[in-house]
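FYI, the numbering used here numbers position 528 of the sequence shown as 519, with every residue one higher than the one before it.
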Amino acid sequence: FWACLCLDLSRVICFGPTEGHAGSAVAFFVPVAMLLGLVASVRPVCKMLRIAPALSVSVNFSSVAPTNTKSRQTLQKKVNGSSILNFRDPTVAHIAKTNTELVRGLLVYKMCTLPFLVKKNRELMNISRRLLGKRLFRFLMKSTFYGHFVGGEHPDSIRPVVKRIRKYGVKSILDYSAEEDIGESEAVEKVKDSLATVVHEPDVRPADATKEFQTSLRFADRSKKVVGARTYFYESEYQCDKNMDTFLHCIDNVSNSTDKEGFAAIKVTALGRPQLLLQMSDFLVQMERLFHLLVKGSAKNGDGSINSSTSLDMDSFRERLGRLGIQISYDENVKWFTLLDVSGDGVVDLLDWSHLRAFEYDLSQLFTVKNKKTGKMEQLVPTLTADGLEQMRNMLQRVDTIARHAQSSGVRIMVDAEQTYFQPAIRRITMEMMRLFNHESAVIFNTYQCYLKNAREYLNHDLQHARVENFYFGAKFVRGAYMDQERARAAALDYDDPICVDYEATTNMYKSCVIEALKAIQQRPIGRVAIMMATHNEDTVRFVLEKMHEYNVTPEQRLICFGQLFGMCDQLSFTLGQLFQFSSCVYFCLC
């Protein structure tokens, strides 16, 4: 009551006669409200919730996490039918919380319902930092928002949290979530500085960038209109090396804090110049379109996409290039075909065609045609300068270093998905890392954003890639964090909106990806496909459990796991953690 009253009072004061002073009022009264509310609410709230003192909740979970095989089988049958799932039982949902943490959570969620606080959070934080000073502001954040949503700042503070939640069937994902706090104008300047000449400028007219992969200063601040995802801005190759060292340190922390059973998360944009990712994405997309032109009329999938098994031999490769106006000699044909035939089986399919190795060569020498109107030679695909290629190799080397360190440390890596204009390159890099490191287990996991219209198509292509080359496939399914930004950019640059039309369409896409993954689990040897369902949606969790039962996938196999952000959806995390405690299928992202 006192927490709500104080918060409402601060709101009234903020929107009083002098609206110009609202920020200062909020910055002062919100901290006071939180502190008063915390003190005044502990006893009555604890009494109301009827909870025991810190971590001494007396609940019998023998029926939830049985130790004998027969009981487990009975429980599994019920769980797979999702008939006993109750996400509203507070004794389960908050079993790992202390009384103080419960009150803090109540206060934080109450504050998150205040629109003015949510919309103006950056401004209010900056004002509060100036008024309260660094030490008091830090204490305030750790006592409220930071303490609720973040597991800790360093290994010593994280380790007790990891150990505590592990007791209740929940493992950990460690994610270095610090990001640079810069304004929009500074973000624009950083993007301008990063636009050094990395695009090749040969004697022929360079290929036009696809609209989606054009650099736009209007959207330079990639942190704007983003929900729950951190952003890195390019400064220098030295800074990228420092970011790599940070990720390596994070892997060490995971290994030491979670007994080598956790995940570490990384972002590829922290490891190289974003312009390179744009250029690489443009290259991959245009190469795929060129392949579709070459195999036009070949077999297609049911959704109209080119079958990944469709291929060209050496003779048909030269003949199809001739149709496009590209004339090459026999020796050149052999040279380029050998380069593109990564698998060395005498034919080039879509998996060979989209391989990263081709990006390191100046394909403008091959894919160049004469414009019939102007008479000038034009590139069909974009290429990079020598400096650009060197920076790209540096970025790939950083990713490789991280993957090798994770493998040797017994830690799995989650590669975060980012904006669609970076994603073709990130996806391709991640699949290449899977091919190199996922020989004995799934070390590298890719992320699929199910709010994208092409999510299932990309998933099927990558599953096929893993099956053909016989490596372990790891994936995380999310809905997505960049919807507003993606839609605004698509409208401004005049390309098709990549996002599903509505919430229902996104849900259907998520479900279809779940089904495709379960089919792949059935078709390949046990353990070759592992999926994390990263969701805070109860209906989605129930759907996954029902489909696991339908496809005969059990928690004991540890092929399907669930993930939530720390403090975001405890009723899901700990309910699943207790139900599947014996198979350890639930993870918290301790950002």
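Glycine included, C-beta positions come from ideal geometry on N, C-alpha and C. The model shown is predicted, which means the values in this text are computed figures rather than measured ones.
Across the set 521, 510 and 448, the C-alpha of 448 shows the shortest separation from the C-alpha of residue 489. Here residue 496 is not bridged, per DSSP, to any residue. DSSP places residue 449 inside the alpha helix (DSSP H), whose first and last residues are 446 to 460. Per the C-alpha coordinates, the member of 262, 485, 514 and 454 positioned closest to residue 407 is 262. Distance between residue 480 and residue 543, taken at the CA atoms: about 42 Å. By the Cβ neighbour-count rule, residue 270 is buried, with 16 or more other Cβ atoms within 10 Å of its own.
The C-beta distance from residue 580 to residue 164 rounds to 4 Å, short enough to meet the 8 Å contact threshold. A residue is called buried once 16 or more other Cβ atoms fall within 10 Å of its Cβ, and residue 513, having fewer, is exposed. The beta strand (DSSP E) runs of length 3 or more contained entirely in the region 100 to 163 do not exist; there are none. At the C-beta level, residue 468 and residue 524 come within 9 Å of one another. Counting only the Cα atoms, residue 387 lies some 8 Å from residue 420. If you check the CB distance, residue 275 and residue 382 do not come in under 9 Å.
DSSP, read as helix, strand or coil, puts residue 340 in strand. Per DSSP, the unbroken beta strand (DSSP E) holding residue 435 starts and ends at 435 to 440. Using a Cβ distance threshold of 9 Å, residue 338 and residue 397 do not count as a contacting pair.
Straight-line spacing of the CA atoms in residue 236 and residue 81 works out to 41 Å. In this structure, DSSP gives residue 506 a helical state, which the three-state scheme calls helix. The alpha-carbon separation between residue 432 and residue 460 amounts to approximately 14 Å. Taking all protein chains shown into account, residue 145 has fewer than 16 neighbouring C-beta atoms within 10 Å of its C-beta and is therefore exposed. Under DSSP, residue 403 takes part in a beta bridge, and its partners are 254. As the crow flies, the alpha-carbon of residue 444 is around 8 Å from that of residue 500. Secondary structure of residue 242 (DSSP, three-state): helix. For residue 394, the three-state secondary structure derived from DSSP is helix. Segment contact: the region 302 to 314 against the region 325 to 345, three or more CB-CB distances shorter than 8 Å; contact assigned. Nearest neighbour of residue 423 by Cα position, chosen from 128, 571, 395 and 138, turns out to be 395. For residue 482, the uninterrupted alpha helix (DSSP H) segment begins and ends at 474 to 484.
Under DSSP, residue 556 forms a beta bridge with 580.
For residue 467, the enclosing beta strand (DSSP E) covers residues 464 to 469.
Nearest to residue 502 by alpha-carbon distance, out of 520, 533 and 486, is 533. Burial state of residue 492 is exposed, judged by a 10 Å Cβ sphere holding fewer than 16 other Cβ atoms.
The C-alpha of residue 126 lies about 16 Å from the C-alpha of residue 136.
Taken atom to atom, the span from the alpha-carbon of residue 248 to that of residue 133 is near 21 Å. Annotation for residue 420: the continuous alpha helix (DSSP H) segment containing it runs 414 to 428. Using a 10 angstroms sphere on the CB of residue 457, the tally of other CB atoms reaches 16 or more, which defines it as buried. With 16 or more other Cβ atoms inside 10 Å of its own Cβ, residue 441 counts as buried. Residue 504 counts as buried, since at least 16 other C-beta atoms from the protein chains shown sit within 10 angstroms of its C-beta.
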